[in-house]
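If you're matching positions, the sequence shown starts at 32 in my numbering and goes up one per residue.
Glycine is no exception: its CB is placed at the ideal position from the N, C-alpha and C atoms.
Beneath this line is the structure, given in structure tokens, with notes to follow.
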Amino acid sequence: MRQFSIISPEEPKMSTPISAFESIDWHQYRVDYIYNELKELGKTGDTLSVEDLIPFDQFHPLSTTALDEAVKQLGILPSTQVLDIGAGVGGPARYLAHQYGCSVTGVELHPQMCAAAIELTQKTGLSEQVNFLQGDITTIDLNGQTFDHWISIGVFLHIPDRSTLFSTCFRLLKPGGSGYIEDFFERQPLTADEKVQLTETLACPYLPNRDQYLADLAAAGFVDLHFEDVTHLWQPWEIQRPVDFEQNKFRHLRVHGDQVVQSMRHRYQVWAELFQRGNIGGARIRCQRPNA
């Protein structure tokens with residue numbers, strides 16, 4: 032078995048791919064992960080709180096802090112209609128509705144994650160404020176509906192066709208509406224090995240640098256572009272995550288099983304190594320559709 036370690040910046044080395052663990056359905060894992068954790072905690076009834084789920088349904092750096100920042104930057108109000116692009120199992124959508132009173136529509140590509148998002152939202156009593164649709168954001172039919180704002184947290188790295196993606200995001204906003212993105216970007220040129228890891232392990236075939244990211248948004252018609260490099264906030268989180276996971280590995284093995292645990296360890300380690308090298312960074316990006 033591959034031994035777990037955290038590398039130092041002075042001794043860079045790449046992880047050895049463990050293809051046996053990459054065959055796991057990562058999206059099904061995320062669903063199983065939540066239900067396994069709830070079972071472990073004895074929370075298997077029909078009623079859950081948003082707080083019950085937060086430790087398990089926020090997969091992105093800085094957890095709900097990222098969502099509080101989105102609310103601050105977009106000016107989300109109780110009357111606001113928000114689209115969550117790449118809603119996953121619904122954690123961000125539920126948190127926004129619960130904490131800030133807004134209405135949220137989540138679009139999620141993967142059927143098993145969308146089904147879990149719907150069920151968990153029902154159990155939190157938020158189905159009147161939060162709904163989910165399964166489909167590809169670039170092709171889904173929302174019957175002409177538009178939104179005051181959209182958010183996307185850690186999702187766009189998986190969608191290489193930025194022209195189609197951003198033109199769709201533009202169309203889904205009301206005039207004057209704005210979007211908020213938290214995503215990874217290329218800070219320095221990537222090595223050949225890093226490109227392989229991003230593509231094969233992390234499902235990220237296209238990672239633009241800052242200028243290209245903004246150019247892609249501008250080409251779709253977005254204005255008032257703001258790009259904040261938050262690597263200094265994400266890097267400690269990404270590096271600490273595999274350390275914390277390893278410290279609880281025996282519990283994780285008992286709750287989730289060997290295949291899931293080994294796959295998680297590998298993915299967390301890859302992200303940690305990429306951030307330690309400094310070629311990958313994290314960004315907060317805001318954009319707006321013009322009023323006219």
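{"Item": "Residue 121 beta carbon less than 8 Å from that of residue 88", "Value": "yes"}
{"Item": "Straight-line Cα distance separating residue 243 from residue 251", "Value": "13 Å"}
{"Item": "Inside the stretch 194-233 only - beta strand (DSSP E) runs reaching at least 3 residues", "Value": "204-217"}
{"Item": "Sequence ranges, beta strand (DSSP E) only - wholly within the stretch 67-133, length at least 3", "Value": "112-116"}
{"Item": "Paired residues, beta bridge with residue 181 - DSSP", "Value": "114, 210"}
{"Item": "Close Cβ partners of residue 167 (< 7 Å) along its chain, the five nearest in sequence each way excluded", "Value": "140"}
{"Item": "CB-CB length for residue 205 against residue 169, believed under 8 Å", "Value": "Contact flag wrong, Cβ pair sits at about 19 Å."}
{"Item": "Residue 253 classed as buried or exposed, judged by whether at least 16 other C-beta atoms fall within 10 angstroms", "Value": "buried"}
{"Item": "For residue 318, the three-state DSSP class (helix, strand or coil)", "Value": "strand"}
{"Item": "Contacting residues, own chain, Cβ-Cβ under 7 Å from residue 129 (five flanking each side not counted)", "Value": "81, 157"}
{"Item": "Beta-bridge partners of residue 176, as assigned by DSSP", "Value": "Note: residue 176 sits in no beta bridge, so no partner."}
{"Item": "Beta-bridge partners of residue 136, as assigned by DSSP", "Value": "114, 162"}
{"Item": "Residue 165 and residue 59 closer than 8 Å at C-beta", "Value": "no"}
{"Item": "Counted within 10 angstroms of its Cβ, other Cβ atoms place residue 257 as buried (16 or more) or exposed", "Value": "exposed"}
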